[in-house]
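Residue numbers (this note's numbering): 11 to 556. Where is the CB? At the ideal position from N, CA and C, for every residue including glycine.
Next up, the structure:
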């Protein structure tokens, strides 16, 4: 931050802007907190996003190189292993690729085959890491496929779907004039996420799931689903109980044809499903034949290191700082085949390394754990594996603060803390931001379910207060140009063009990392662990771990 301040002063900015940022830079030093340095953050970022690491793809050579680098850097920073003598935590993953040409799976409705082309009409794969499955299973429409007691909602009431294929909609039941706040109104709840749908189908004993795609409900085109499921290998935790034998999607037009062939009207059934009185409808249709997938087992690793706490009692509790090290790796045969993932998430990975380097110099009362997780891009697999086999007891984990895609544009007056309001972390975040001369960014409706799509959520589901720290939007300098630069990242997201640029102003990244470390230190030195707000669904999991 000292380098950052000198740089800002030298640019002859307007005095008001210089004073605004100098207050942010000076605050951590005035409070005796560790100060995150830009130089190591930049160096780690440049290396992690270099072509040498081949995009850090799950199950690829670049992943092995990344893990070796991270464990070496963790040791150099002075972090101690959390369990035993190793910084590695094994994550057993299955790589799955559908083999439609070798499969005979077909949909039958009204006693006749309904032609469905793999890719344009539907996609599917094994959800339990088993390479071959045979089906002769009835289809059942279960509306949104939601069981939510607190909403008085159960789409499976009175239905036995064991061994059957459930067909369901994505997203949540929509708010009405009578119930404008049901399922959080227009915001997406976890019940609306496709990951929840697969999980609930498994709990209900279904043999498979087909999600009906529409762009409004999924928030993306069918091509996104098609490319993700039919073009490349997908990954899941290598546990045969992880999912139903079949998991897949069906395009809206194809679903309409399938329903009609069995004598049902898709639109009419979807309208019925908007009521909590809806009951599952057996369709005059089934899936039959054999589904084959290529399955391979892959071992990946989370990397974890800790700064032991100084308090004789509180050191048994911990604060976790997390970020995923993986990206999309190498894909394709010609042209630029490397998805470098500089912003997503070499930035967060580098930020944690820079934070760790300073945290070891000034330990806190509670233990601090730095955790780099694997396979986030494949469905939060590394963090889910950690939550299933935690290196530190979850009921003694005070908070999990996650960094995913740091601000490469420039320093801001605000900082993003969406999701912190679910817990007492919200008030703590506001206090920390104020001490740094910032404020918490104004909340926006979570229409796309962002809270459920990053690694902190694996901890939240397990009852640990958790959220991701995001960059702000109120840029300190060159406001119009900065906003344009931030907007220009959209087309680069998950593309080969997400590459490091040495001209980037990393004051925003350093600021974001500093805020995260300051907040973590505040939690680590507090008299007690933060709690969930009363009534929060994920807070109930905390009670179960005590």
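Taking DSSP's pairing of strands, which residues face residue i in a bridge?
{"i": "residue 309", "result": "102"}
{"i": "residue 485", "result": "422"}
{"i": "residue 223", "result": "261"}
{"i": "residue 407", "result": "328"}
{"i": "residue 449", "result": "424"}
{"i": "residue 164", "result": "157"}
{"i": "residue 542", "result": "433"}
{"i": "residue 178", "result": "221"}
{"i": "residue 563", "result": "This structure leaves residue 563 out entirely; the chain is present only between 11 and 556."}
{"i": "residue 67", "result": "337"}
{"i": "residue 96", "result": "93"}
{"i": "residue 412", "result": "332, 478"}
{"i": "residue 256", "result": "136, 218"}
Who are the near neighbours of residue i in its chain, counting only those whose CB is closer than 7 Å to its CB and skipping five residues on each side?
{"i": "residue 369", "result": "44, 317, 378, 527"}
{"i": "residue 533", "result": "329, 408, 409, 438, 540"}
{"i": "residue 110", "result": "128"}
{"i": "residue 155", "result": "165, 176, 178, 207, 210, 211"}
{"i": "residue 542", "result": "432, 433, 475, 548, 549, 552"}
{"i": "residue 424", "result": "448, 449, 450, 451, 482, 483, 484"}
{"i": "residue 27", "result": "Residue placement at residue 27 is poorly supported in this model, since its pLDDT is 34, which falls under 50; the coordinates still yield a value, given next. 486, 487, listed in sequence order."}
{"i": "residue 499", "result": "353"}
{"i": "residue 198", "result": "181, 182, 456, 457, 458, 459"}
{"i": "residue 184", "result": "284"}
Leaving out five residues on either side along the sequence, give the residues of the same chain with a beta carbon under 6 Å from the beta carbon of residue i.
{"i": "residue 137", "result": "253, 254, 257"}
{"i": "residue 75", "result": "63"}
{"i": "residue 480", "result": "426"}
{"i": "residue 305", "result": "104, 106, 139, 141"}
{"i": "residue 201", "result": "156, 158, 182"}
{"i": "residue 536", "result": "none"}
{"i": "residue 224", "result": "262"}
{"i": "residue 16", "result": "Because the pLDDT at residue 16 is just 39, under 50, the model does not fix this residue reliably, and the point stays unresolved."}
{"i": "residue 374", "result": "531, 534, 535"}
{"i": "residue 163", "result": "156, 286"}
{"i": "residue 346", "result": "506"}
{"i": "residue 115", "result": "299, 301"}
{"i": "residue 238", "result": "none"}
Check for me: the beta strand (DSSP E) holding residue i runs from which residue to which?
{"i": "residue 560", "result": "Residue 560 is absent from the structure shown; the chain starts at 11 and stops at 556."}
{"i": "residue 134", "result": "132 to 136"}
{"i": "residue 381", "result": "377 to 383"}
{"i": "residue 235", "result": "Taken as a continuous stretch (DSSP letters only), residue 235 belongs to no beta strand (DSSP E), being part of the alpha helix (DSSP H) at 232 to 240."}
{"i": "residue 86", "result": "Unbroken run through residue 86 is the alpha helix (DSSP H), 71 to 87; no beta strand (DSSP E)."}
{"i": "residue 533", "result": "It is not in any beta strand (DSSP E) - residue 533 instead sits in the alpha helix (DSSP H) that spans 517 to 535."}
{"i": "residue 117", "result": "116 to 119"}
Is it true that the CB of residue j sits closer than 8 Å to the CB of residue i?
{"i": "residue 46", "j": "residue 364", "result": "yes"}
{"i": "residue 319", "j": "residue 422", "result": "no"}
{"i": "residue 356", "j": "residue 97", "result": "no"}
{"i": "residue 311", "j": "residue 393", "result": "no"}
{"i": "residue 135", "j": "residue 124", "result": "no"}
{"i": "residue 264", "j": "residue 139", "result": "no"}
{"i": "residue 420", "j": "residue 487", "result": "yes"}
{"i": "residue 68", "j": "residue 456", "result": "no"}
{"i": "residue 342", "j": "residue 113", "result": "no"}
{"i": "residue 119", "j": "residue 366", "result": "no"}
{"i": "residue 309", "j": "residue 59", "result": "no"}
{"i": "residue 462", "j": "residue 66", "result": "no"}
{"i": "residue 147", "j": "residue 55", "result": "no"}
{"i": "residue 358", "j": "residue 333", "result": "yes"}
{"i": "residue 464", "j": "residue 412", "result": "yes"}
{"i": "residue 218", "j": "residue 171", "result": "no"}
{"i": "residue 122", "j": "residue 271", "result": "yes"}
Give the range of the alpha helix (DSSP H) segment to which residue i is assigned.
{"i": "residue 244", "result": "From DSSP, residue 244 is part of no alpha helix (DSSP H) but of the beta strand (DSSP E) over 244 to 247."}
{"i": "residue 4", "result": "Coverage of the chain is limited to positions 11 through 556, which leaves residue 4 absent and any answer about it impossible."}
{"i": "residue 128", "result": "From DSSP, residue 128 is part of no alpha helix (DSSP H); its letter is neither H nor E."}
{"i": "residue 398", "result": "391 to 398"}
{"i": "residue 478", "result": "First-last for residue 478: 476 to 478, but that is the beta strand (DSSP E), not the alpha helix (DSSP H)."}
{"i": "residue 374", "result": "Careful: residue 374 lies outside any alpha helix (DSSP H) and carries neither H nor E."}
{"i": "residue 58", "result": "48 to 58"}
{"i": "residue 467", "result": "466 to 471"}
Whose C-beta lies closer than 8 Å to the C-beta of residue i among residues of the same chain, with five residues either side of it excluded?
{"i": "residue 236", "result": "129, 130, 133"}
{"i": "residue 168", "result": "289, 290"}
Are the C-beta of residue i and some C-beta of chain B separated by less than 8 Å?
{"i": "residue 164", "result": "Absent from the structure: chain B. Only one protein chain is present."}
Please give me, in chain order, every unbroken run of the beta strand (DSSP E) with length at least 3 that falls completely inside the stretch 266 to 350.
291 to 317, 328 to 334
4-residue-minimum alpha helix (DSSP H) runs that sit fully inside the stretch 192 to 218, ordered along the chain:
204 to 213
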